[in-house]
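> Supplied in structure tokens, the structure appears directly below.
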Amino acid sequence: MRLARFSTVRLRRYAVSVDKNEARDYWNERYGRGCLFGVEPNVVLVEHCSKVAPGRALDLGCGQGRNAVWLALQGHQVTAVDQSDVAIGQARELAARAGVEIETVTEDVAGWDVPDGEFDLVVLAYVQLPSDQRTAVHATARRGLARGGTLFLVAHHRDNLEHGVGGPPTPEVLFDEEELAADFAGLQILRNEKVLRPAERDGVSGNAIDVLFVARRPAAPEDEND
Ligand SMILES: C[S@@+](CC[C@H](N)C(=O)[O-])C[C@H]1O[C@@H](n2cnc3c(N)ncnc32)[C@H](O)[C@@H]1O
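Here the numbering used here is used: the first residue of the sequence shown is 207, the next is one more, and so on.
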């Protein structure tokens with residue numbers, strides 16, 4: 207299988223790389239070729255975040271902004287973060303076309319100094335990373351979450367590799383329920399399970415196997431157990 211100019215070998219090297227510049231260049235090159243994931247929001251996000259009251263929302267690894275713009279259209283005050291300056295430029299253009307404002311930040315989420323406890327909703331959609339980077343990015347998400355706030359994560363599940371359509375071909379960047387429960391220990395877990403999503407790649411249609419993780423930070427300090 208070939209992903210345009212990025213061979214599976216290069217994707218694998220990126221996926222297990224700890225080199226921030228290599229990861230940023232990889233995404234910049236992919237985004238430079240056009241719209242990668244569409245302009246419509248992710249269907250799993252729409253289903254679960256439609257129920258979240260508008261507030262301050264943080265979209266980490268926002269890519270070209272499809273989810274950030276949808277959240278802004280729902281009335282959230284959105285901050286969207288990505289390491290790729292190309293993606294951030296495209297997210298800003300998408301927001302302008304939709305007639306909404308979003309705050310954008312071009313940063314590596316793992317090292318970003320997130321405003322502590324500021325966000326009522328924190329979103330991570332398909333930010334697939336090897337374990338050390340994954341735990342650092344998830345720690346940023348956890349820090350940004352306000353008391354009583356909701357964390358929404360959707361990602362390619364580990365089982366997608368053999369049984370699902372699309373997604374990265376590298377097991378190191380796929381997640382499962384146990385890893386997510388450990389990364390977000392201390393939050394009240396509302397959902398942590400596999401979900402199927404209709405998908406198509408290279409003319410093959412079927413279901414992608416995602417993991418959906420939704421959790422709430424307890425409103426009262428005494429209810430936090432971390
Ligand atoms: C598969 S794309 C998903 C984009 C978007 N969330 C969506 O669903 O359309 C993954 C995104 O995560 C970003 N990303 C991965 N690791 C990151 C990091 N450490 N800091 C900032 N962005 C990161 C990539 O640049 C890329 O835009």
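No residue lacks a Cβ here, since even glycine has one placed at the ideal position from N, Cα and C.
None of the values given here were measured: they were computed from a predicted structure.
So, Q339 versus A316, is the Cβ gap smaller than 8 Å?
Against a cut-off of 8 Å, the Cβ pair of A316 and Q339 comes out as a contact.
> Report all residues from its chain with a CB closer than 6 Å to the CB of T285; omit the five preceding and five following residues, and keep chain order.
L264, E309.
> Need the endpoints of the alpha helix (DSSP H) that H369 sits in, please.
That run of the alpha helix (DSSP H) goes 366 to 369.
> Is it buried or exposed for H363, if we count other Cβ within 10 angstroms and need 16 for buried?
With 16 or more Cβ atoms within 10 Å of its Cβ, H363 is classed as buried.
> The beta strand (DSSP E) that contains H254, what's its start and end?
Per DSSP, H254 belongs to no beta strand (DSSP E); it is in the alpha helix (DSSP H), 249 to 255.
> Return the residue from the list G305, D429, R272, D319 that minimises the CA-CA distance to Q296.
Selected option, being the one with the closest Cα: R272.
> Should G323 be labelled buried (16 or more other beta-carbon atoms within 10 Å of its own) or exposed?
The residue in question, G323, is exposed, as its Cβ has fewer than 16 Cβ neighbours within 10 Å.
> Need the endpoints of the alpha helix (DSSP H) that G281 sits in, please.
Premise fails: G281 is in no alpha helix (DSSP H) and is neither H nor E.
> At the level of alpha carbons, what is the spacing between R348 and G238?
Straight-line Cα distance between these residues: approximately 31 Å.
> Just the Cα atoms here: how many angstroms apart are S335 and L380?
It is worth fixing the name first, because residue 335 is Leu in this sequence and not Ser. So the alpha carbons of these two residues sit roughly 7 Å apart.
> For R236, count neighbouring C-beta atoms within 10 Å of its own C-beta (all shown protein chains included) and say buried if the count is 16 or more, exposed if not.
Answer is buried; the Cβ neighbour count reaches 16.
> Note the first and the last residue of the continuous beta strand (DSSP E) segment covering R407.
Where R407 is concerned, the enclosing beta strand (DSSP E) stretches over 394 to 407.
> What do you get for G244, buried or exposed, if any count of 16 or more other CB atoms within 10 angstroms of its CB means buried?
It counts as exposed.
> Can you name, in chain order, every residue of its own chain whose Cβ lies under 8 Å from the Cβ of S337, other than the five neighbours on each side?
Counting only Cβ-Cβ distances below 8 Å, and skipping sequence neighbours, we find E378, E385.
> If you measure from the CB of S290, is any heavy atom of ligand 1 nearer than 7 Å?
Checking the Cβ of S290 against ligand 1 gives yes.
> For R328 and W276, what's the separation of their Cα atoms in angstroms?
Here residue 328 is Val; the residue named in the question, Arg, does not match the sequence. Roughly 14 Å separates the two Cα atoms.
> Is DSSP giving V315 helix, strand or coil here?
Three-state result, V315: helix.
> Which of the three DSSP states, helix, strand or coil, is assigned to E378?
E378 falls in the helix class under three-state DSSP.
> When you compare the segment 252 to 261 with the segment 298 to 307, are there three or more beta-carbon pairs, one atom per stretch, that lie closer than 8 Å?
With a cut-off of 8 Å, the segment 298 to 307 and the segment 252 to 261 do not count as touching, because too few Cβ pairs lie within range.
> Name, in chain order, the residues that DSSP records as bridge partners for G412.
The partner list for G412 (beta bridge, DSSP) reads A405.
> Whole angstroms are fine: how far does the CA of V249 sit from the CA of E399?
The alpha-carbon atoms of E399 and V249 are separated by roughly 16 Å.
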